[in-house]
Amino acid sequence: MTAEPDSVSRRTFLRGTAVGTAAATGSAAAQEATTHTVDMTDGLVFDPDSIAIAPGDTVVWENVGTVGHSVTAYEDDIPDEAAYFASGGFDGESAARSGYPEGDIPGGESYEHTFEVEGTYEYFCIPHESAGMLGTVEVGTGGGTPAGDGGGRPVPQVPDSALSVVSAATMALLSVLGLVYVFLKYGGDYGLEE
Ligand SMILES: [Cu+2]
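Add 1002 to the 1-based position in the sequence shown for my numbering, that's all there is to it.
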């Protein structure tokens, strides 16, 4: 299957997923399967909450805190051909929801899943869904983040200081133009010809 990841129209936020789409230098066949780690923390987040991987890669979710979490796919927000996945081994989202706390991943434990089908996968933590504990896995041949990633860094914002530099430059330019205008208009009145 060469399904184009038609991800971007999804309702969920897909921050930072546009990173690194440029390079794709063929030979995807030579790519080795990589394992990526996503932490689950007492801050009730998946860290990183968005990760780009290659088909065949495995994601390991590690509970690095003490609060229990689940990794539960949104059944309607994974590729059609993809197998459903959830900690606890449920074969559907409603089963996972009603089965919880079966599927709970306590502190110090982990859950892993290998992604074969390209596309976008949205998942959540059952007890902390309302707290916004959500995540995205983007599977594409464009390649994943490098091994040992910790990817998903926030897209850099233009800092306010940069903006004020720009407006200061603009003001300076306008001042110069104003002076030029004054010189052009009144320059002849300086009586230089005398
Ligand atoms: Cu959680």
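Glycine included, every Cβ here is placed at the ideal spot set by N, Cα and C.
Whole-number beta carbon distance between E1140 and P1081, since they are thought to touch under 8 Å: On the sequence shown, position 79 is the one that residue 1081 refers to. On the sequence shown, position 138 is the one that residue 1140 refers to. Under the criterion of beta carbons closer than 8 Å, P1081 and E1140 do not qualify as touching, at roughly 11 Å.
Return the CA-CA distance between P1108 and A1098, expressed in angstroms with no decimal places. Here residue 1108 refers to the residue found at position 106 when the sequence shown is read from its first residue. Here residue 1098 refers to the residue found at position 96 when the sequence shown is read from its first residue. CA-to-CA, the gap between P1108 and A1098 works out to about 16 Å.
Per DSSP, what kind of secondary structure is G1152 in: helix, strand or coil? Looking up residue 1152 in the sequence shown gives position 150. Because G1152 carries a pLDDT of 43, less than 50, the predicted location of this residue cannot be relied on, and no value is offered for it.
Counting beta carbon pairs with one atom in the segment 1124-1131 and one in the segment 1041-1059, are three or more of them shorter than 8 Å? These segments touch.
So the beta strand (DSSP E) G1134 belongs to, where does it begin and stop? Position 132 of the sequence shown, counted from the start, is the residue given in the question as residue 1134. Note, G1134: premise wrong, no beta strand (DSSP E); not H, not E.
Check whether the Cβ atoms of H1038 and I1055 sit closer than 8 Å, and answer yes or no. The residue given as residue 1038 occupies position 36 in the sequence shown. The residue given as residue 1055 occupies position 53 in the sequence shown. A contact, by the Cβ cut-off of 8 Å.
For A1075 and T1068, what's the separation of their Cα atoms in angstroms? For the purposes of this step, residue 1075 is identified with residue 73 of the sequence shown, where counting begins at 1. For the purposes of this step, residue 1068 is identified with residue 66 of the sequence shown, where counting begins at 1. Cα to Cα, A1075 sits roughly 22 Å from T1068.
Residue range of the beta strand (DSSP E) that E1064 falls in? Taking the first residue of the sequence shown as 1, we reach residue 1064 at position 62. First-last of the beta strand (DSSP E) with E1064: 1060-1065.
Helix, strand or coil for S1072 per DSSP? Stepping through the sequence shown from its first residue, residue 1072 is reached at position 70. S1072 falls in the coil class under three-state DSSP.
Under three-state DSSP, which class holds A1054? On the sequence shown, residue 1054 is found 52 positions in, with the first residue counted as 1. In the structure shown, A1054 sits in a strand (DSSP, three-state: E or B).
Going by beta carbon distance, what residues of the same chain come within less than 6 Å of L1136, once the five residues before and after it are set aside? What you label residue 1136 is simply residue 134 of the sequence shown in a count that begins at 1. Answer for L1136: F1126, listed in chain order.
Using 7 Å as the cut-off, classify the Cβ of P1050 as near or not near the heavy atoms of ligand 1, replying yes or no. Within the sequence shown, residue 1050 is the residue found at index 48, counting from 1. No - ligand 1 has no heavy atom lying nearer than 7 Å to the Cβ of P1050.
Does DSSP classify G1101 as helix, strand or coil? Sequence index remark: in the sequence shown, residue 1101 carries index 99 (1-based). In this structure, G1101 counts as helix in the three-state DSSP scheme.
Quick one: does the C-beta of L1136 sit closer than 7 Å to a heavy atom of ligand 1? The residue given as residue 1136 occupies position 134 in the sequence shown. L1136 has its Cβ no nearer than 7 Å to any heavy atom of ligand 1.
Which whole-angstrom value describes the C-beta separation of A1085 and T1060, a residue pair presumed to lie in contact below a C-beta threshold of 8 Å? Taking the sequence shown and counting its residues from 1, the one referred to as residue 1085 is at position 83. Taking the sequence shown and counting its residues from 1, the one referred to as residue 1060 is at position 58. The C-beta separation of A1085 from T1060 comes to about 14 Å, leaving the pair out of contact by the 8 Å criterion.
In three-state terms, what does DSSP make of S1089? For this step, residue 1089 is matched to residue 87 along the sequence shown. S1089 falls in the coil class under three-state DSSP.
T1116 to G1058 span [Cα, whole Å]: On the sequence shown, residue 1116 is found 114 positions in, with the first residue counted as 1. On the sequence shown, residue 1058 is found 56 positions in, with the first residue counted as 1. One C-alpha to the other measures close to 6 Å.
Could you have a look at I1128 and say whether DSSP puts it in helix, strand or coil? Your numbering for residue 1128 matches position 126 in the sequence shown. It is helical.
How big is the Cα-Cα spacing for D1041 and T1138? Taking the sequence shown and counting its residues from 1, one reaches residue 1041 at position 39. Taking the sequence shown and counting its residues from 1, one reaches residue 1138 at position 136. Taking the straight line from one Cα to the other gives about 13 Å.
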